[in-house]
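If you want it as structure tokens, here you go:
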């Protein structure tokens, strides 16, 4: 297929898709969406397109995207669609258009082995249970063989193994360019490969992290992208909102305590003042959780009570004390330096949450069985998201089966903050009114009722 290919032929009964895809049937709705996407890519105009179930949205944007000659980033809301796009749809389309597609599947950093953290675990395995030492050895041997560092390659460790957080990195604990093994970093290698590809498949969380430039030192994807296609776009505003939320969790605190202790043992030595501060911080996090109810739920800030407010303040004081202790460290090394930076960032989040006004942000607490996360979510995130989207010169295309409310896109468009956008609604090829019935039993409790 060349740049002047007729989409009507491509999506027709005798076209390349029909030849390569068993059971393919031409759908006017799919062709209409493909033409809208092609026009948006050609003219560099932003597009919001709702296409009903059965339209075939994926092919409707992939074919014109690959035919455009532009560098494309595709973002999905779920890992399932991300894998389907890369492992099923793209190979099939490559066959249909008669050429290879230079595509990269880029995952979040927690999907890649961190060589530095593995090295640290091997050197100081004191807190690894004896029955896990064989797993550590398997990881070490695999690390010598793997080219990608994708943890999906290793099947000897369960997905929920407690070792994975110990040998993968987060934005908080990554040392970035100061890492001793930065040149061999699997995350860096994956992102460099993605920057050279004609098409990159990511998820909404990774897209927002890149857009907000929250991962410094790794090179952003978006400046080189001509167009970003956001599939499952109904999830995108909520994901974006989470990136503008200031959060501080007891799980973060405990990770910081563990990493600081480990770095101190390897570096300057684990002295008494530092140990005392870490113990105080760990206790403060545990005490704050004890003031909150059991169970898994979200609790409004004003329902948490005075005991939590006091405990949260004590947590902030302990965090500030740790920062002061780490500032006095002589020649701390990159690991302890990063721990200090993490503590400073956490304290900034603490101050924002503790002082947020109700007319500016919604404060709330997410409860887990043993941990909590305090949050302050801005009431207006559309303007911040708009600034980020407009800072990218790319064409933006948002698509999903559910974007309009009563055939009106105002709600979705206002949440993403893009005023200059063309909205298109394409009906499903399925005649639901004729082939389906919906039965609603009377007396059902509300969806949020425990008896639902």
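Numbering (my numbering), first residue to last: 254 to 705.
Even for Gly, the Cβ is constructed at its ideal location relative to N, Cα and C.
If you're wondering where the values come from, they're calculated on a predicted model, not measured in any experiment.
| said: So, with DSSP's three-state summary, where would you put residue 495? | reply: Correct three-state label for residue 495: helix.
| query | Alpha carbon to alpha carbon, how far is residue 689 from residue 286? | reply | 25 Å
| Classification of residue 297 by the beta-carbon crowding that lies within 10 angstroms, buried from 16 upward | exposed
| task | In the DSSP assignment, find the unbroken alpha helix (DSSP H) run with residue 640 in it and report its ends. | result | 635 to 644
| request: For residue 549, collect the residues of the same chain with a Cβ closer than 8 Å to its Cβ; drop the 5 residues on either side in sequence, then sort them by chain order. | output: Contacts found: 620, 621, 622.
| task | Check the DSSP bridge columns for residue 284 and list the partner residues they point to. | result | Looking at the DSSP assignment, residue 284 forms no beta bridge with any residue, so it has no partner.
| message | Only counting the same chain, and skipping five residues up and downstream in sequence, which positions put a Cβ closer than 6 Å to that of residue 627? | response | Around residue 627: 501, 606, 618.
| query | What is the DSSP secondary structure of residue 631, reduced to helix, strand or coil? | reply | strand
| field | Cross-strand partners of residue 677 (DSSP beta bridge) | value | 302
| query | DSSP on residue 661, reduced to helix/strand/coil? | reply | strand
| request: Could you tell me if residue 289 is buried or exposed, where buried requires 16 or more neighbouring beta carbons within 10 angstroms of its beta carbon? | output: buried
| Quick one: what's got a C-beta closer than 7 Å to residue 636's C-beta in the same chain, skipping five residues either side? | 670
| Buried or exposed by the 16-neighbour rule on C-beta atoms within 10 Å, applied to residue 360 | buried
| Buried versus exposed, by CB contacts within 10 Å (16 or more), residue 701 | exposed
| Start and end residues, alpha helix (DSSP H) containing residue 266 | Careful: residue 266 lies outside any alpha helix (DSSP H) and carries neither H nor E.
| message | According to DSSP, is residue 553 part of a helix, a strand, or is it coil? | response | For residue 553, the secondary structure class from DSSP, reduced to helix, strand or coil, is strand.
| request: Using a threshold of 8 Å, state whether the C-beta atoms of residue 385 and residue 343 are closer than that. | output: no
| Beta-carbon separation (whole angstroms), residue 329 vs residue 366, contact threshold 8 Å | Rounded, the Cβ-Cβ distance is 23 Å, inconsistent with contact.
| Nearest to residue 591 by alpha carbon, out of 402, 631, 571, 509? | Distance check between residue 591 and each of 402, 631, 571, 509 places 509 closest, using alpha-carbon atoms only.
| query | Just checking my contact of residue 369 with residue 410 at CB under 8 Å: how many whole Å lie between their CB atoms? | reply | The Cβ separation is near 19 Å, so there is no contact.
| said: Please tell me whether residue 658 and residue 300 are closer than 8 Å, where the distance is taken between their beta carbons. | reply: Not a contact, by the Cβ cut-off of 8 Å.
| Roughly how many angstroms separate the alpha carbons of residue 705 and residue 696, rounded to a whole number? | Approximately 11 Å, taken between the alpha carbons.
| query | By how many angstroms is the C-alpha of residue 421 removed from the C-alpha of residue 362? | reply | 7 Å
| message | Comparing C-alpha positions only, which one of 616, 611, 545 sits nearest to residue 602? | response | 616
| message | Tell me the rounded alpha-carbon separation between residue 433 and residue 439. | response | 13 Å
| query | For residue 320, which of 663, 352, 693 has the nearest alpha-carbon? | reply | 352
| task | Determine the direct distance from the alpha carbon of residue 446 to that of residue 470, and round the result to whole angstroms. | result | Below a pLDDT of 50, predicted positions are generally treated as unreliable, and residue 470, at 49, falls in that range; the measurement from the model is reported next regardless. Those two C-alpha atoms are separated by around 15 Å.
| query | Are there 16 or more other CB atoms within 10 angstroms of the CB of residue 430, so buried, or fewer, so exposed? | reply | exposed
| message | Quick check: residue 652 and residue 348, are their CB atoms within less than 8 Å of each other? | response | no
| request: Tell me whether the beta-carbon of residue 639 lies closer than 8 Å to the beta-carbon of residue 302. | output: Cβ distance not < 8 Å, so residue 639 and residue 302 don't count as in contact.
| task | Please check the pair residue 631 and residue 496, which I expect to be a contact at CB under 8 Å, by giving their CB distance rounded to whole angstroms. | result | Actually they are not in contact, since the Cβ atoms of residue 631 and residue 496 sit about 11 Å apart, beyond 8 Å.
| field | Assigned secondary structure, residue 321 (DSSP; H/G/I helix, E/B strand, else coil) | value | coil
| Distance, Cα to Cα, residue 767 vs residue 569? | Because the chain is modelled from 254 through 705, residue 767 falls outside the range shown and cannot be assessed.
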